[in-house]
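*Asks:*
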Amino acid sequence: MRTVVATRYVTPLREGGSLPGLVEADDDGLYVLKFRGAGQGPKALIAEVVCGELARGLGLPVPELVLAELDPALGRAEPDPEIQELIEASGGLNVGVDFLPGALGFDERAARDLDPALAADILWFDALVMNVDRTPRNPNLLVWHRKLWLIDHGAAIYVQHAWRDPAAEGRRAFPAIRDHVLLGVAGDVAEADARLAPRLDRGALDAAAAAVPDAWLDGAARSDYADFLEARLAEPRTFATEAEDARRSR
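Under numbering that gives the first Met the number 0, the sequence shown has 45 at position 46, and the numbering climbs by one with no breaks.
Written as structure tokens, this is what we have:
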């Protein structure tokens, strides 16, 4: 992942509960900044990075992620005290998501146009990383230049907030897959499993975890995340079966 330096805080994006903000960086790019000082703290950023790197490696459409260095002084001109406090609490490295100007939200028309194989791949991926935040109420999918994009993975791998044995947590069921927004349009998840699972060996899992900055770990180990994902990917992959059963029962 590239590292950029945030040079200007542009505006808050109040659609998200964690109050992400639009920033300009020293590469002249605009990024949606996910703050380490927000409610779920650095663990949400870890999930963003690990899931984003895995998705990118699988060829799924995710906007570029960067590590964004933030100077707390950028918040001094912000009139909202809540935003000021958030920026001041988020000095150092944060996550920046490439801004997609003019992107549209996912709707029924986009669902009709979606390739069933891609929908199945997304369903499989979200079951793998235990993403509870891809529902009809909050799909976290955008359409930009007639292409679907996956965003916001901070709520995935939610078991990290209390785990003691990541490998054991990796063998847990994931009943929330039954609420997934793409169940009605996805193709065969077993076929998605055959396409995607072979691409995620231990090396790929370690590489995704390696992108996490030391400052976010707070006593955790990068290997915890690779162990968790490796356990989920071990055969038989019950998460894939759960996703296919949910799709068929739709």
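Ideal placement from N, C-alpha and C gives every residue a C-beta, glycine not left out. What you are looking at is a predicted structure, and each value in this text was computed from that prediction instead of being measured.
Please return the same chain residues whose Cβ sits closer than 6 Å to the Cβ of SER248, not counting the five positions on each side in sequence.
*Replies:* Excluding residues within five positions, none has a Cβ falling inside 6 Å.
*Asks:* Could you tell me whether any non-hydrogen atom of the ligand GDP is closer than 7 Å to the CB of TRP148?
*Replies:* By its list of ligands, the structure shown contains no ligand whatsoever, and the ligand GDP lies outside what it can speak to.
*Asks:* Output yes or no for whether 8 Å exceeds the beta carbon distance between TRP143 and ALA102.
*Replies:* yes
*Asks:* Could you please give me the residues that DSSP links to TYR8 through a beta bridge?
*Replies:* VAL22
*Asks:* Based on the DSSP output, what are the partners of TYR30 in its beta bridges?
*Replies:* VAL22, ASP97
*Asks:* Taking all protein chains shown into account, decide if GLU168 is buried (16 or more other Cβ within 10 angstroms of its Cβ) or exposed.
*Replies:* It counts as buried.
*Asks:* Nearest to ARG35 by CA position, among TRP215, ALA72, ASP70, LYS146, is which residue?
*Replies:* TRP215
*Asks:* If we count Cβ pairs, one from each stretch, closer than 8 Å, do we get three or more for the stretch 172-182 versus the stretch 55-73?
*Replies:* no
*Asks:* Kindly indicate which residue of LEU64, TYR30, LEU228 has the alpha-carbon position closest to the one of GLY202.
*Replies:* LEU228
*Asks:* Just the C-alpha distance for VAL65 and GLY153, rounded to the nearest angstrom, thanks.
*Replies:* For VAL65 and GLY153, the distance between alpha carbons rounds to 15 Å.
*Asks:* Within 10 angstroms of the Cβ of ARG170, are there 16 or more other Cβ atoms? Answer buried if so, exposed if not.
*Replies:* ARG170 comes out exposed.
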